[in-house]
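Listed in order, the protein sequences are those of chains B and R.
Counting from 1, position 251 in the first sequence corresponds to residue 1019 in my numbering; the numbering is continuous, with no gaps.
Counting from 1, position 3 in the second sequence corresponds to residue -6 in my numbering; the numbering is continuous, with no gaps.
For reference, the structure is listed below as structure tokens.
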Amino acid sequence: MKGVLFRVGALLISLVLASVVVFVVLRLLPGDAAGASLGVGTTTDQLESLRSELGTDQPVPVQYAQWVGDLVRGDLGDSFTSRQPVADLVAAKLPITVPLSLAAFVLAVLISVPLGVIAAVQRRGPVGVVVSAVSQLGVAVPVFWVGVLLVLVFALTLGWLPSGGFPRQGWDDPAAAIRSLALPVVTVAVAMSAVMVRYVRSATLDVLDQDYLRTARSLGYSRWQALRRHGLRNAAVPVVSILGIELATSLLGAVVIENVFALPGLGTLLLTSVTGRDLPVVQTLVLALTAVVLLMNALVDMLQRVIDPRLRRTGVTA
Amino acid sequence: MTGLLELHDLTVTTSTGRTLLDRVSWSLDAGGRLGVVGESGSGKSLTAAAVLGLLPDGMTATGRVLLDGTDLLTLPERRMRSIRGGQIAMVFQEPLTALDPLMTVGRQIAGPLRLHRGLRGPAAVAETERLARLVRLDDTERILGSYPWQLSGGQRQRVALAMALACEPRILIADEPTTALDVTVQAEVLDLLDDLVDRTGVGLVFVSHDLPVIARVARDLAVMRDGRVVELTAVAEALAGGQHPYTRELVSAARAGQLPRQEDR
């Protein structure tokens, strides 16, 4: 219980620090919203009046206090460019980005865990060598290139799936929505699997060399039985610790890949907002992504305590 | 000779052709007590691994390992699995790493009971408790619910013994089972082992670099050096002055309180 409270406290402090960093860094960037939306050839008076309207003429600490005060009350502010509430803008994009990154994450786990275990058990066999080689390649190749390749094969050549875009009706047409997300999901999942396979493989290799597996074998368990009974849970401890980071990777991967597939999700929103110096949208999105990563890491810590009783006996976090 | 376990010219070679065990031969009678002594790297542990068919990848064993006349080296893996734990069980040097850190010791002891004897539920619990008492684990309930790292070294080695004896094997191979323990705990575990062999009638192969330790539990002695058995004798005769110069060297070193080239500590 003490551990959980400690964790929650650390999470809150991290969030506050993250909000300061996000806010300050964005204001250190050159260019401002007023300049970006009015374009070249505007008078200083016009700029000044728009800045005062947006509140960007205030000192940075005042702007920060204003933003955090609104955040705490649940008000994310309005977009500088479209003047719509940020909350509405973000909410409209969630049905694309959230399913995309969650499905990619789950698919990546489903691909990488079995492959990593097999690659470790058959480390000198042909399967192990091929899995390792392919995952090396996967790590080296950028995620958008995988996307382009998949589009080339499955959309342009075979014509099985759309090359990009999202149905206007959204999830009201579930079949079309799933079809348009299929290639992006596979793209992100493949890129993530390449990394995760290596984690799973090395964690399993570690476990395979452990004395307790030898003990299990000496008691009559087969190699696989011993691995299932004692190995997987032990190997899960280090693998779980990277799951939080990997979920963040899947979100970031989604942000990048939405642009390749012309999906109107959070990634596209983030890019257009950055270009337009739409600070309320950018800082909300970045802070939300940070919060998700921090929250995942906290959950992962707790999950590890469930798996490994040794972590429970001390008050410190893993 | 018609021993329970007989090794005839057991030879182990690596894939590169290096000979690690060279025509090792010895025999263990039912209920017998054989000590295998030798310095680190002499092939003691490799012999044990070869008997159980658990050699590391890339090593091959030739010769014969006869259990009741059946050659274990020719048995298919499936039948070997019923021999391991069921007929021949093993206890290792370091009980902390030999046990799974994430599983309570009660469940670990119950594992082989289910695997070989099909016991589960209350029957498995009762049998686990009986085994815990057999290896003199007091405070049974607490210990069975504990994880290995919550126990002392002596308690852990008793747990390992209980696991090994769970399926009433006919042969127990103990590979340096007391080396990792404190001297006082070492004496307790040796007493226990001595007593268990008497009570259960299990044949004991006790592997150690430590001749005085072997002398406490073993009757016969195989002296190994560089992958070969250099002398087969009785422990008492060896202590009285063995035939082979290396045996005499071991005995005089033991008397002086140390062993030659004690590199495996």
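Glycine is no exception: its CB is placed at the ideal position from the N, C-alpha and C atoms.
Looking from the CA of GLY232 of chain R, the closest CA among R:ILE162, R:LEU202, R:ILE164 and R:VAL126 belongs to R:LEU202. Think of a sphere of 9 Å around the beta carbon of ARG1001 of chain B: the chain R residues whose beta carbon falls inside it are ASP91, LEU93 and MET94, in chain order. The Cβ-Cβ distance between ASP856 of chain B and GLY845 of chain B does not fall below 7 Å. By the Cβ test, the region 63 to 79 of chain R is not in contact with the region 19 to 28 of chain R, since fewer than three Cβ pairs between them sit closer than 8 Å.
Shortest Cα-Cα distance from THR5 of chain R to any of R:LYS35, R:CYS158, R:THR53 and R:MET215 involves R:THR53. Closest in C-alpha terms to ARG1001 of chain B, from the list B:ARG1073, B:ASP800 and B:TRP939, comes B:ARG1073. Rounded to whole angstroms, the separation of the alpha carbons of ARG190 of chain R and ARG219 of chain R is 32 Å. Chain B places a beta carbon closer than 7 Å to that of THR88 of chain R, counting this residue as a contact.
One Cα belongs to ASP1069 of chain B, the other to LEU46 of chain R, and the distance between them is close to 38 Å. Bridge partners of GLU222 of chain R according to DSSP: R:VAL214.
When the alpha-carbon of ARG105 of chain R is set against those of B:TYR980, B:GLN890, B:LEU987 and B:VAL776, the nearest one is in B:LEU987. Judged by DSSP in its simplified three-state form, ASP838 of chain B adopts helix.
Counting other Cβ atoms within 10 Å of its Cβ, VAL907 of chain B stays below 16 and is therefore classed as exposed. Excluding sequence positions up to five before and after LEU949 of chain B, its CB lies within less than 6 Å of the CB of LEU868, all in the same chain and listed in chain order. At a cut-off of 7 Å between beta-carbon atoms, THR983 of chain B makes contact with chain R.
The beta carbon of LEU1011 of chain B lies closer than 7 Å to those of VAL1068 in the same chain, with the five residues before and after it left out. With fewer than 16 other Cβ atoms from the protein chains shown falling within 10 Å of its own Cβ, ARG9 of chain R counts as exposed. Boundaries around GLU(-3) of chain R are those of the beta strand (DSSP E), -4 to 5, since no alpha helix (DSSP H) includes it.
Counting the other Cβ atoms within 10 Å of the Cβ of PHE774 of chain B gives fewer than 16, which makes it exposed. Between the alpha carbons of VAL204 of chain R and GLU159 of chain R lies a distance of about 24 Å. Look at LEU106 of chain R: its C-beta is under 7 Å from a C-beta on chain B. Contact with chain B is found for GLY76 of chain R, since one of that chain's Cβ atoms lies less than 7 Å from the residue's Cβ.
Listed along chain B, the residues sitting closer than 8 Å to TRP140 of chain R by beta-carbon distance are ARG1078. Each of R:GLN78, R:GLY60, R:ASP20 and R:GLY32 was checked against the Cα of LEU43 of chain R, and the nearest Cα belongs to R:GLN78. Here the C-alpha atom of GLY109 of chain R lies approximately 57 Å from the C-alpha atom of ALA860 of chain B.
Just measuring C-alpha positions, the residue of R:LEU37, R:ASP20 and R:ARG124 sitting nearest ARG216 of chain R is R:LEU37. Inter-residue distance for ILE134 of chain R and VAL150 of chain R is about 9 Å (C-alpha atoms, whole angstroms). When 8 Å is used as the limit between beta carbons, GLN978 of chain B is near these residues of chain R: THR88, in chain order. Here GLN834 of chain B has GLY823 and GLN826 as same chain residues with Cβ atoms under 8 Å from its own Cβ, once five neighbours each way along the sequence are excluded. Annotation: HIS998 of chain B to LEU976 of chain B spans about 10 Å, alpha carbon to alpha carbon.
Taking CB atoms only, SER900 of chain B has no neighbour in chain R less than 7 Å away.
The Cβ atoms of VAL1049 of chain B and SER847 of chain B sit closer than 7 Å to each other.
Nearest Cα to VAL116 of chain R within the set R:ALA101, R:GLU240 and R:ASP13: R:ALA101. VAL968 of chain B and GLY884 of chain B have their alpha carbons spaced roughly 5 Å apart.
The region 885 to 892 of chain B makes no contact with the region 1029 to 1041 of chain B; the number of CB pairs closer than 8 Å stays below 3. Fully enclosed alpha helix (DSSP H) runs of no fewer than 4 residues occupy 991 to 994, 1000 to 1028 and 1034 to 1043 of the region 991 to 1062 of chain B, in order along the chain.
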